[in-house]
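So the structure is just underneath, and the comments pick up after that.
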Amino acid sequence: TRFPPMRSLGELFDQSPAQALEISSLLAWQLASELRECGIDFSFTPILDLATLDSRVIGDRAFHSQPQAVFSLAQAFMQGLNKGGMQAIGKHFPGHGTVVADSHVECPVDDRLYEEIAKRDLQPFTEMIAAGLLGIMSAHVVYPCKDHLPASFSSIWLNDILRQQYGFEGVIFSDDLSMQGAHVVGNIEQRIEKA
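For what it's worth, the working numbering labels the leading residue of the sequence shown as 744, then goes sequentially.
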């Protein structure tokens, strides 16, 4: 099935929230059903990043620009995945949507204060954790307010904040270690070890 970009659900959410939530759940169920038919038991979805005009890579893959709308649509999506026999993997922690650079080809840096990131970008993640999210993928983005390393390699972001502060006990996945954003920590062996 050719799936629409998730942004279309966000646009529908602004007009008809109930309909958007229903379709979000149905699309996720369809996705899970088709992947399981092929022997694949999970997919790295949904994107919990905020939809902004800044990001060159997230674009229309993100549901919405408002954290509460992202959470509502992502929760419905997670429920649809679960009904289809699949777990949800939220990404890209702690939020890639406000960063301009594409971590596939460079190492993005988000210079905002932690308070601003926590107030907006982290909100969908924390609410999804409370709703039962079992998997999170980290971002190859540097957030100097907390660490000089990309979040995927940062014990501050992954242990201190995600595990201890937000109580996440599920699986943490690194984003693709061949991406340029991961190269700042060394060769592939070093990237694997640090991740």
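A virtual CB, placed ideally from N, CA and C, is assigned to each residue, including glycine. These numbers were taken from a predicted model, which means no experiment stands behind them.
| query | Which stretch, first to last residue, makes up the alpha helix (DSSP H) that contains G823? | reply | P810 to K826
| field | Buried/exposed call for K862, threshold 16 Cβ in 10 Å | value | exposed
| message | Let's see if you can read the secondary structure: which residues bound the beta strand (DSSP E) around K834? | response | I832 to F836
| request: Starting from S881, trace the beta strand (DSSP E) both ways and give me its first and last residue. | output: G878 to S881
| request: Helix, strand or coil for I872, going by three-state DSSP, please let me know. | output: helix
| Of the choices T788, P789, L752 and F806, whose alpha-carbon is the least far from that of L796? | F806
| field | For F916, the first and last residue of its enclosing beta strand (DSSP E) | value | V914 to F916
| task | Taking R779 as part of the alpha helix (DSSP H), name the residues at either end of that continuous run. | result | For R779, the uninterrupted alpha helix (DSSP H) run begins and ends at P760 to E780, by DSSP.
| message | Could you compute how far the alpha carbon of S815 sits from the alpha carbon of Q866? | response | For S815 and Q866, the distance between alpha carbons rounds to 11 Å.
| message | Counting C-beta neighbours from all protein chains within 10 Å, is the total for D918 16 or more, i.e. buried, or is it exposed? | response | buried
| Secondary structure at P789, three-state DSSP: helix, strand or coil? | Coil.
| message | Taking the beta carbon of L752 as the centre, do at least 16 other beta carbons fall within 10 Å, making it buried, or is it exposed? | response | buried
| query | Using CA coordinates, which residue listed in D853, D903, G875 and I915 is at the minimum distance from P893? | reply | D853
| field | Beta-carbon gap between H891 and A925 smaller than 8 Å | value | no
| Counted within 10 angstroms of its Cβ, other Cβ atoms place A761 as buried (16 or more) or exposed | With fewer than 16 other Cβ atoms inside 10 Å of its own Cβ, A761 counts as exposed.
| request: Report the partner residues of P893 according to the DSSP bridge assignment. | output: DSSP links P893 through a beta bridge to V885.
| request: Counting only the same chain and skipping the five closest in sequence on each side, list residues whose C-beta sits under 7 Å from that of E777. | output: T744
| query | Residues in its own chain within less than 6 Å of A874 by CB, not counting five upstream and five downstream? | reply | Q818
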